[in-house]
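> Chains as they are written, first to last, in the numbering used here: chain A, 1294 to 1405; chain B, 24 to 137. Idealized CB from N, CA, C, for every residue including glycine. Sharing a structure below in structure tokens format, with a few things to ask.
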């Protein structure tokens, strides 16, 4: 059973600050590392699916890196905006069934 | 292309009643996953289905819970004789393949047991 840890649990930043979060997981039995953005009362929105060690993906001001050998991924947000306020979830996907094992998430609050 | 549809969005049931939650995957997606978020907890996997088959139900409670994904129609998560502890948000997600691609989530069904 995978144990997925995310840190910090919550984060408060000012508009314009850059920030990053960490996701750590056992580095075996998974095929991809997923990042989701989850706003209150909405459904989780897929940000990235990362499979290769050293993979780096970017979507606008948000980027992510993956280290499969040591079992961690970083999510970066450059120049945070109030609309970035959400909970960011990471989830390794099981290599046999694809089921996602979610961390508890990092809740980001960006103050204008 | 419509996203993943779930209904109802909110469901209130008295203890002992049955709850039926429906999930229509995205067009072309034949893999459906159900997840549950209990109060103050994160998302937890329940069951993974392909058309007419349950592939992995390792996250399902052993009693009262069942799931199906028939050849025609939506996937159904059924909870019999609901108890207060079943109150949670239930999300389904669909994917075109089991591995290698992302899962797309529906808006969830919030079940309240009174």
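Could you spell out the range, first to last residue, of the beta strand (DSSP E) harbouring residue 69/B?
Here residue 69/B is taken as the residue at index 46 of the second chain, counted from 1. Segment 66-73, the beta strand (DSSP E) holding residue 69/B.
> Thinking just about the alpha-carbon of each residue, which of 51/B, 137/B and 33/B is nearest to the one in residue 25/B?
For the purposes of this step, residue 25/B is taken as the residue at position 2 of the second chain. Nearest option by C-alpha distance: 51/B.
> Measure the CB-CB distance between residue 59/B and residue 116/B and report whether it falls below 8 Å.
For the purposes of this step, residue 59/B is identified with residue 36 of the second chain, where counting begins at 1. For the purposes of this step, residue 116/B is identified with residue 93 of the second chain, where counting begins at 1. Contact: no.
> Can you check whether the CB of residue 100/B is closer than 8 Å to the CB of residue 66/B?
The sequence position of residue 66/B within the second chain is 43, counting from 1. The sequence position of residue 100/B within the second chain is 77, counting from 1. Against a cut-off of 8 Å, the Cβ pair of residue 100/B and residue 66/B comes out as no contact.
> Need the endpoints of the beta strand (DSSP E) that residue 118/B sits in, please.
As a first step, residue 118/B is located in the second chain; it is residue number 95 there, counting from the start. From DSSP, the beta strand (DSSP E) with residue 118/B extends over 111-118.
> Please list the terminal residues of the continuous beta strand (DSSP E) segment that includes residue 1374/A.
Indexing the first chain from 1 puts residue 1374/A at position 81. First-last for residue 1374/A: undefined, no H or E at that position.
> Please check if any C-beta of chain B sits within less than 8 Å of the C-beta of residue 1306/A.
For the purposes of this step, residue 1306/A is taken as the residue at position 13 of the first chain. Not an interface residue.
> Establish whether the CB of residue 1357/A and some CB of chain B are separated by less than 8 Å.
Counting from 1 along the first chain, the entry for residue 1357/A is found at position 64. Output row for residue 1357/A: interface = no.
> Which of the three DSSP states, helix, strand or coil, is assigned to residue 87/B?
Your numbering for residue 87/B matches position 64 in the second chain. Residue state, collapsed to three classes: coil.
> Report the option in 1395/A, 1297/A and 1309/A whose CA atom is closest to the CA atom of residue 69/B.
Reading the second chain from its first residue, position 46 is the one you call residue 69/B. Of the candidates 1395/A, 1297/A and 1309/A, the one whose C-alpha sits nearest the C-alpha of residue 69/B is 1395/A.
> Quick check: residue 41/B and residue 103/B, are their CB atoms within less than 8 Å of each other?
Against the second chain, residue 41/B aligns to sequence position 18. Against the second chain, residue 103/B aligns to sequence position 80. Yes, these two residues count as a Cβ contact at 8 Å.
> Helix, strand or coil, according to DSSP, for residue 32/B in the structure here?
Position 9 of the second chain, counted from the first residue, corresponds to residue 32/B. DSSP places residue 32/B in coil when its eight states are reduced to three.
> Residue range of the beta strand (DSSP E) that residue 76/B falls in?
As a first step, residue 76/B is located in the second chain; it is residue number 53 there, counting from the start. Segment 76-79, the beta strand (DSSP E) holding residue 76/B.
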